[in-house]
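To convert a position in the sequence shown, counted from 1, into my numbering, add 1.
Positions of the beta carbon are idealized from the N, C-alpha and C atoms, including for glycine.
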Amino acid sequence: MNLQNLRIFLKVAELEHVTRAAEVLNLSQPAVTKIIQSLEREAHLKFVERQGRRIVLTQAGRVLQSYARRLFALEHEMDAALGALRDVEGGEVSLAVNTTAWTYLLPPIVARFRERYPRVRLQIAVLNSHEIMEKTLNWELDFGLIEGTATELPPPLQMHIFSQDRLILVASPQHPFAQKESISAEMICIGELLLREEGSGIREVIEQACRIQGLVIQPLLTLSDNEALKQMVMSGVGVTILSELVVQRELASGELVQLPMLDFALQAQLSLIQRNDKLLSPASQAFLRFLVAANTHSQFA
């Protein structure tokens with residue numbers, strides 16, 4: 002199959018829309034449709050079907066998508082390996098991290114790495130743990146840092162515990178809970194807790210702890226950003242559980258107070274995740290070494 006046609010197919014599959022894919026690729030909609038039909042004729046299989054205005058993949062389409070992703074990941078690895086032979090100081094590193102690692106762990110590491118390897122390109126995404134696992138599985142990342150524990154890790158992925166992160170319960174000093182000597186799991190889980198979105202590693206840790214207590218979380222609000230959670234809680238809306246690192250400044254200033262949790266103490270693992278069958282480029286291996294060295298004296302350790 003023509004590689005360019007496969008790239009066009011992957012964009013249609015990603016956007017679930019022929020016209021949008023055509024716009025992104027700077028092609029006409031009929032041209033994109035013709036290419037998809039050409040792939041289907043070549044394989045004697047149907048790869049896409051319409052559901053209203055959306056394009057969805059058939060079973061054959063999902064198989065093609067999986068192999069095409071692997072094919073282009075290998076192409077990327079080949080280019081990186083050949084580039085490294087030309088210039089060991091060059092290359093590209095593609096990774097994703099959660100918001101805690103991005104804010105409190107990565108900036109000084111990136112600064113030192115850029116000073117040592119100024120010609121290496123860094124592609125860094127900030128995603129939740131579920132998204133990081135999915136993109137690593139789909140060959141889109143060299144590796145990622147996730148928080149929490151992956152209970153069902155797909156076989157091609159491997160995970161190494163990087164460090165521990167203590168989670169604490171916080172509230173505004175004006176919140177009624179701030180006057181209590183201890184807060185039970187039931188008080189936390191039912192009605193007052195603000196949480197990250199589903200797929201967040203910290204949320205999974207909290208939900209698991211509540212399940213052990215026989216409780217199901219009924220969140221007051223769900224937000225997709227640590228800063229949004231802090232601002233909402235500082236305004237007096239509910240309570241939240243976050244990494245101790247995330248709220249250090251607010252605890253010191255008195256904008257937030259730590260609440261004593263009666264029934265459980267929470268810790269989240271910060272873990273490195275990667276495919277066990279992916280060959281890392283010299284640049285990616287160098288960045289990993291910087292991560293490991295930084296963790297030796299990091300607050301995460």
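- Where GLN232 is concerned, the enclosing alpha helix (DSSP H) starts and stops at 227-235.
- Counting C-beta atoms within 10 angstroms of its own C-beta, GLN259 has fewer than 16 neighbours from the protein chains shown and is therefore classed as exposed.
- Rounded to the nearest whole angstrom, the C-alpha separation of ALA287 and MET160 is 19 Å.
- In the same chain as GLU251, and ignoring 5 residues on each side of it, the C-beta atoms closer than 8 Å to its own belong to VAL171, LYS231, MET235 and LEU257, in chain order.
- In this structure, the alpha-carbon of LEU11 lies about 43 Å from that of GLU193.
- Put simply, the region 133-144 touches the region 91-107. At least three CB pairs are less than 8 Å apart.
- In this chain, MET160 is not harboured by any alpha helix (DSSP H); it is covered by the beta strand (DSSP E) spanning 158-172.
- Secondary structure within the region 183-210: the beta strand (DSSP E) runs of 3 or more consecutive residues, fully enclosed, are 194-197 (chain order).
- DSSP places THR223 inside the beta strand (DSSP E), whose first and last residues are 222-224.
- Between the alpha carbons of SER173 and TYR105 lies a gap of roughly 23 Å.
- In the same chain as SER201, and ignoring 5 residues on each side of it, the C-beta atoms closer than 7 Å to its own belong to ASN129 and SER130, in chain order.
- By the CB criterion at 9 Å, ASP264 and GLN214 fall inside the cutoff.
- In this structure, GLU205 is the residue among ARG70, GLU205, GLN124 and SER254 with its C-alpha nearest to the C-alpha of LEU243.
- For SER285, the closest of ALA229, ILE125 and GLY239 by C-alpha to C-alpha distance is ILE125.
- With a threshold of 16 other beta carbon atoms within 10 Å, TYR118 meets it and is buried.
- Restricting attention to beta strand (DSSP E) runs no shorter than 3 residues, the region 120-146 encloses them at 122-127, ordered along the chain.
- ILE218: not part of any alpha helix (DSSP H); DSSP gives it neither H nor E.
- Beta-bridge annotation (DSSP): THR241 is paired with VAL171 and LEU195.
- An exposed status is given to LEU83, since fewer than 16 other beta-carbon atoms sit within 10 Å of its beta-carbon.
- Between GLN219 and GLN268, the alpha-carbon positions lie close to 21 Å from each other.
- Classified as buried, HIS176 has 16 or more neighbouring CB atoms from the shown chains inside 10 Å of its CB.
- Distance from LEU273 to PHE163 at the Cβ level is roughly 5 Å; contact confirmed, criterion being Cβ atoms closer than 8 Å.
- For the 9 Å CB-CB criterion, VAL293 and THR101 do not form a contact.
- Distance between THR20 and VAL217, taken at the CA atoms: about 43 Å.
- With fewer than 16 other CB atoms across the displayed protein chains lying within 10 angstroms of its CB, ASP80 is exposed.
- The beta carbon of SER185 is closer than 7 Å to those of LEU263 and ASP264 in its chain, skipping five residues each way along the sequence.
- In the structure shown, ALA269 adopts extended strand secondary structure according to DSSP, grouped into three states.
- Annotated as distal: LEU58 and LEU4, with beta-carbon spacing of 9 Å or more.
- Looking at the DSSP output, GLN52 bridges to ARG55.
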